[in-house]
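Scroll down for the structure; my scribbles are underneath it.
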Amino acid sequence: MKEFFTINRFFKLVQKESSERFHMMLKISAIFAALLAGYWLSMIVFSTEGEITAAGSRAGYVFFSTLIAMLIAPFNLYKSYNHRKGGIDYALLPASVMEKYGSMLVNCIIFLPLMTFVSVLAVDTIITTITPSLFDGYAISNMNLGDKLSTGFLEAVILQLGFIYCNLLFRKYKVTKTLLATVSVYIVFIMIVVFFVTVVFKEEFKMMEGMSVNINIANFSDLSQLDQFEGFSSLFKTLYYISQTIIYGIMPAWFLFGSYHRMKTLQY
Amino acid sequence: MVTIDNLHFNYSKHIVFNDVTLKLEAGKIYGLLGQNGVGKTTLLKIISGLLNVKSGSCRVNGHNPFLREPDFLGDLFYIPEDFIGPDLVVNKFARLRGEFYPNFDYNKYSRLMTEFEVNGNSKFTKLSFGQQKKAIIAFALSTNTKLILMDEPSNGLDIPSKAQLRRVISQASTDESCIVISTHQVRDLENLIDPIIILDRNGVLLNETIDEISKRLCFEFGATVSDKAIYSEQTIGGYINVCRNETNRECKINIEALFNTVHQNRDLIKDIFKK
Chain A
1055 MKEFFTINRF FKLVQKESSE RFHMMLKISA IFAALLAGYW LSMIVFSTEG
1105 EITAAGSRAG YVFFSTLIAM LIAPFNLYKS YNHRKGGIDY ALLPASVMEK
1155 YGSMLVNCII FLPLMTFVSV LAVDTIITTI TPSLFDGYAI SNMNLGDKLS
1205 TGFLEAVILQ LGFIYCNLLF RKYKVTKTLL ATVSVYIVFI MIVVFFVTVV
1255 FKEEFKMMEG MSVNINIANF SDLSQLDQFE GFSSLFKTLY YISQTIIYGI
1305 MPAWFLFGSY HRMKTLQY
Chain B
532 MVTIDNLHFN YSKHIVFNDV TLKLEAGKIY GLLGQNGVGK TTLLKIISGL
582 LNVKSGSCRV NGHNPFLREP DFLGDLFYIP EDFIGPDLVV NKFARLRGEF
632 YPNFDYNKYS RLMTEFEVNG NSKFTKLSFG QQKKAIIAFA LSTNTKLILM
682 DEPSNGLDIP SKAQLRRVIS QASTDESCIV ISTHQVRDLE NLIDPIIILD
732 RNGVLLNETI DEISKRLCFE FGATVSDKAI YSEQTIGGYI NVCRNETNRE
782 CKINIEALFN TVHQNRDLIK DIFKK
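Residue numbers (the working numbering), protein chains in the order written: chain A, 1055 to 1322; chain B, 532 to 806.
This is the structure in structure tokens:
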């Protein structure tokens, strides 16, 4: 067990990792905060009288920048992990692979997104306080921090786990290959869905012609609303549950185990 | 300390090691010599767990290196030839990283940094290649690990630093520690490395102590090529002749001449050193 994980060594590792990467994290969060500050300055210079920016849009920007920070985190914070020369230092650090992976997740999923979220929000609060006439309230007061956010965050984490896996998998052209892999997986997924819709469930869809259904889908999990609609066959609902199992269960498990296994077996 | 049995290793179709058996013991500073591409770095990487053997086995203090267990890593330090320092102040790097080595001695690190004349308050990225190398060597020796692997440690060092390097390595060597130095610059580390391991394509040509080598071979300087020489090379003012030591007299080893002798007389050398 001592070889696998010890809490003391894990905390030391997290401390080491975050202090080594603090400048990079600061730089990334400062860029997103500076973009908002730049927008504010352009508003001061160019906006016409009475023109305001809704707090909701700025809250959206806060979430968007946090999401982007999450996605770029592995490529910025751990880009040399599998580098034949640059990765040696990290691979030979006396800590277990589980601790190293755990520390990587803490920095990518918690620290960098949190720093970005807080810094963008702080800038929004400052600029709104300075020039209240340009904004209709603070972004923080227009944030829906309920279930939707937690589901959105969960989906962002799943996507990020995939990016962390790709960052460990590819040694060169990491970002390009990751984007291509993501697009490929998406195309395969869509093709499977189209196949089921046009071939397997063709009759069900024909029967649904003229049926009026209003489903508001913001997250994949919103598809659970399908339960409420009569007329969808149990097979169709089964398909939905299978896809949900794949997206929320199999894919994250694959990314987690795949990344751990890759780190464990990487050769330099 | 290190036991390698029937090791096979290849990079796709390129066979590096074929049935290599080797033992490294504590209390010694091994010099690992060989031509380019014979697998010196590969051997160090296998011992440190960065590469996995294809077949055979490599054990370091009973550990399988490739598992890269924390206890094993805490007792080993590998200095690569091209060390790439992080974008971090050197002293901070040492403090943060030293926490993971149970026997790390910060005072020793500071002393070595002073001896090497490297400013520990600078970032690695602001230091020259040679200074970065000195900083990582200072850190490596301060971890007091039982096994230290150095790949071309004298590359990039200026002349005074090479003398300092020899001094600090000999000071760092203890009865419990084993230091393995892979190098082409044999003159930089002469009088330091003992035993000497010479690698050839597919295997180990020689793994002997200086004492044993000087008992079996004699390195003489003469005006002409000796009849008894198994190898001779022209040098300024004459020839270095390498002969069998038939009179048991003590003679100083010329490592460059030894290397060339071994390479040109593989079978004869094996015969001479047969025990």
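Glycine residues also receive a C-beta, built at the ideal position from the N, C-alpha and C atoms. In this text, all values refer to a predicted model and were calculated from it rather than measured experimentally.
Handout entry: Partners in chain B for A/E1057, counting only beta-carbon separations shorter than 7 Å
Key = Translated into the one-based positions of the first sequence, residue 1057 of chain A becomes position 3. Contacts between A/E1057 and chain B, judged by CB atoms closer than 7 Å, involve E600, P601, D602 in chain order.
Handout entry: Contact check, B/I710 vs B/I679, beta carbons under 8 Å
Key = Here residue 710 of chain B refers to the residue found at position 179 when the second sequence is read from its first residue. Here residue 679 of chain B refers to the residue found at position 148 when the second sequence is read from its first residue. In contact: B/I710 and B/I679 (Cβ atoms closer than 8 Å).
Exercise for the section: Can you grab the Cα-Cα spacing for the pair A/G1216 / A/P1306, in whole Å? Expected result: Within the first sequence, the letter at position 162 stands for residue 1216 of chain A. Within the first sequence, the letter at position 252 stands for residue 1306 of chain A. If I take the Cα positions, the gap works out to 8 Å.
Handout entry: Residues bridged to B/S709 [DSSP beta-bridge criterion]
Key = Translated into the one-based positions of the second sequence, residue 709 of chain B becomes position 178. The residue asked about is misnamed: residue 709 of chain B is Cys in this sequence, not Ser. Its beta-bridge partners are B/K559, B/L678.
Handout entry: Endpoints, the beta strand (DSSP E) within which B/V773 is located
Key = Along the second sequence, read from residue 1 onward, the residue named residue 773 of chain B stands at position 242. Run containing B/V773: 769–775, per the beta strand (DSSP E) assignment.
Problem - Exposed unless 16 or more other CB atoms sit within 10 angstroms - verdict on A/I1246 - result: Here residue 1246 of chain A is taken as the residue at index 192 of the first sequence, counted from 1. The residue is exposed, with fewer than 16 neighbouring Cβ atoms inside 10 Å.
Practice task
Give the single residue among A/T1170, A/D1201, A/S1134 whose Cα lies nearest to the Cα of A/M1324.
Solution key: Limits of chain A in this structure are 1055 at one end and 1322 at the other, which puts residue 1324 of chain A out of reach.
Handout entry: Neighbour flag for A/E1257 against chain B, beta carbons, 8 Å
Key = One-based indexing of the first sequence puts residue 1257 of chain A at position 203. By this cut-off, A/E1257 is not an interface position.
Handout entry: Residues, ordered as in the chain, of the segment 1098–1129 of chain A that lie near chain B by beta-carbon distance below 9 Å
Key = When CB distances to chain B are screened at a threshold of 9 Å, not a single residue of the segment 1098–1129 of chain A falls below it.
Practice task
Mind the definition here: the segment 1187–1200 of chain A touches the segment 1106–1121 of chain A only if three or more C-beta pairs lie below 8 Å; say whether that holds.
Solution key: With a cut-off of 8 Å, the segment 1106–1121 of chain A and the segment 1187–1200 of chain A count as touching, because enough Cβ pairs lie within range.
Handout entry: Collapsed DSSP secondary structure at B/G616 in the structure displayed
Key = Position 85 of the second sequence holds residue 616 of chain B. In the three-state DSSP reduction, B/G616 falls in the coil class, being neither helix nor strand.
Problem - Any chain A beta carbon closer than 8 Å to B/I565 - result: Numbered from its first residue, the second sequence carries residue 565 of chain B at position 34. The sequence shown places Gly at residue 565 of chain B, not Ile. By this cut-off, B/G565 is not an interface position.
Problem - Contact check, A/I1194 vs A/L1175, beta carbons under 8 Å - result: Taking the first sequence and counting its residues from 1, the one referred to as residue 1194 of chain A is at position 140. Taking the first sequence and counting its residues from 1, the one referred to as residue 1175 of chain A is at position 121. Going by C-beta atoms, A/I1194 is nearer than 8 Å to A/L1175.
Practice task
Would you kindly work out how many angstroms separate the C-alpha atoms of B/K554 and B/C589, rounded to a whole number?
Solution key: Residue mapping note: residue 554 of chain B aligns to position 23 of the second sequence, counting from 1. Residue mapping note: residue 589 of chain B aligns to position 58 of the second sequence, counting from 1. One C-alpha to the other measures close to 10 Å.
Practice task
Measure the alpha-carbon distance for B/I767 versus B/G753 and round it to whole angstroms.
Solution key: Here the question's residue 767 of chain B lines up with position 236 in the second sequence. Here the question's residue 753 of chain B lines up with position 222 in the second sequence. The alpha-carbon atoms of B/I767 and B/G753 are separated by roughly 11 Å.
Problem - Beta-bridge pairing of B/S586 - partner residues as DSSP gives them - result: Translated into the one-based positions of the second sequence, residue 586 of chain B becomes position 55. By DSSP's assignment, B/S586 forms a beta bridge with B/H539.
Problem - Simplified DSSP assignment, three categories, for B/S659 - result: By 1-based counting over the second sequence, the position of residue 659 of chain B is 128. It is coil, neither helix nor strand.
Problem - Members of the segment 1182–1199 of chain A that neighbour chain B once the beta carbon cut-off is set at 9 Å - result: Residues passing the 9 Å Cβ filter: none.
Problem - Neighbouring residues, chain A, relative to B/Y542 (Cβ below 8 Å) - result: Against the second sequence, residue 542 of chain B aligns to sequence position 11. Those do not exist, as B/Y542 stays about 10 Å from chain A at its closest Cβ, beyond 8 Å.
Practice task
From the DSSP output, read off the bridge partner residues of B/L737.
Solution key: On the second sequence, residue 737 of chain B is found 206 positions in, with the first residue counted as 1. Partner(s): B/I729.
Handout entry: Beta-carbon proximity check, A/R1225 vs A/N1130, cutoff 8 Å
Key = Locating residue 1225 of chain A in the first sequence gives position 171, counting from the first residue. Locating residue 1130 of chain A in the first sequence gives position 76, counting from the first residue. At a Cβ-Cβ threshold of 8 Å, A/R1225 and A/N1130 do not count as neighbours.
Practice task
Locate the beta strand (DSSP E) running through B/T766, then write down its first and last residues.
Solution key: Within the second sequence, residue 766 of chain B is the residue found at index 235, counting from 1. Looking at the DSSP string, the run of the beta strand (DSSP E) that includes B/T766 is 762–766.
Practice task
Examine chain B for any beta-carbon lying closer than 8 Å to the beta-carbon of A/A1176, and answer yes or no.
Solution key: In the first sequence, counting from the first residue as 1, residue 1176 of chain A sits at position 122. Among the CB atoms of chain B, none fall inside 8 Å of the CB of A/A1176.
Practice task
Could you check how far apart the C-beta atoms of B/D725 and B/K559 are, in whole angstroms? I think they sit under 8 Å.
Solution key: Position 194 of the second sequence, counting from 1, holds the residue named residue 725 of chain B. Position 28 of the second sequence, counting from 1, holds the residue named residue 559 of chain B. 7 Å between Cβ atoms; contact.
Handout entry: Helix, strand or coil at B/T573 [DSSP, three-state]
Key = Translated into positions along the second sequence, residue 573 of chain B becomes position 42. In the three-state scheme derived from DSSP, where H, G and I count as helix and E and B as strand, B/T573 is classed as helix.
Exercise for the section: Would you mind listing the alpha helix (DSSP H) stretches within the segment 1119–1164 of chain A that are 4+ residues and don't spill past its ends, in chain order? Expected result: Qualifying alpha helix (DSSP H) stretches, in chain order: 1142–1145, 1151–1159.
Handout entry: Delimiting residues of the beta strand (DSSP E) encompassing B/G753
Key = Locating residue 753 of chain B in the second sequence gives position 222, counting from the first residue. Taken as a continuous stretch (DSSP letters only), the beta strand (DSSP E) holding B/G753 covers 748–753.
Practice task
Answer yes or no: the CB of A/Y1135 versus the heavy atoms of the ligand ATP, is any distance below 7 Å?
Solution key: As presented, the structure is devoid of all ligands, the ligand ATP included, so that no description of it is given.
Exercise for the section: Drop a sphere of 10 angstroms on the beta-carbon of B/P633, count the other beta-carbons inside from all chains shown, and report buried for 16 or more, exposed for fewer. Expected result: In the second sequence, residue 633 of chain B corresponds to position 102, counting from 1. Per the 10 Å Cβ criterion, exposed.
Problem - One or two residues paired with B/I610 in a DSSP bridge - result: Within the second sequence, the letter at position 79 stands for residue 610 of chain B. The partner list for B/I610 (beta bridge, DSSP) reads B/M681.
Exercise for the section: For A/K1228, decide whether its Cβ has a neighbour in chain B, counting only Cβ atoms nearer than 8 Å. Expected result: In the first sequence, counting from the first residue as 1, residue 1228 of chain A sits at position 174. With 8 Å as the cut-off, A/K1228 does not count as an interface residue toward chain B.
Practice task
Quick one: residues in its chain with C-beta nearer than 7 Å to the C-beta of B/G661, no 5 flanking neighbours on either side, listed in chain order?
Solution key: Here residue 661 of chain B refers to the residue found at position 130 of the second sequence. Once the five neighbours on either side are set aside, the close Cβ partners of B/G661 are G687, L688, D689, S692.
Handout entry: Environment of B/G562 [buried if 16+ CB atoms lie within 10 Å]
Key = As a first step, residue 562 of chain B must be located in the second sequence, where it is residue number 31. Classification of B/G562: buried, given that the 10 Å Cβ count is 16 or more.
Problem - Within chain A, partners of B/P617 - CB distance below 8 Å - result: Here residue 617 of chain B refers to the residue found at position 86 when the second sequence is read from its first residue. Against B/P617, the close residues of chain A are E1074, D1143, in the order they occur along the chain (beta-carbon pairs closer than 8 Å).
Practice task
Measure the Cβ-Cβ separation of B/I786 and B/V717 and say whether it is below 8 Å.
Solution key: Indexing the second sequence from 1 puts residue 786 of chain B at position 255. Indexing the second sequence from 1 puts residue 717 of chain B at position 186. Yes, these two residues count as a Cβ contact at 8 Å.
Exercise for the section: For chain B, find out if any of its Cβ atoms is closer than 8 Å to the Cβ of A/R1225; answer yes or no. Expected result: As a first step, residue 1225 of chain A is located in the first sequence; it is residue number 171 there, counting from the start. The beta carbon of A/R1225 does not come within 8 Å of any beta carbon belonging to chain B, so the residue lies off that interface.
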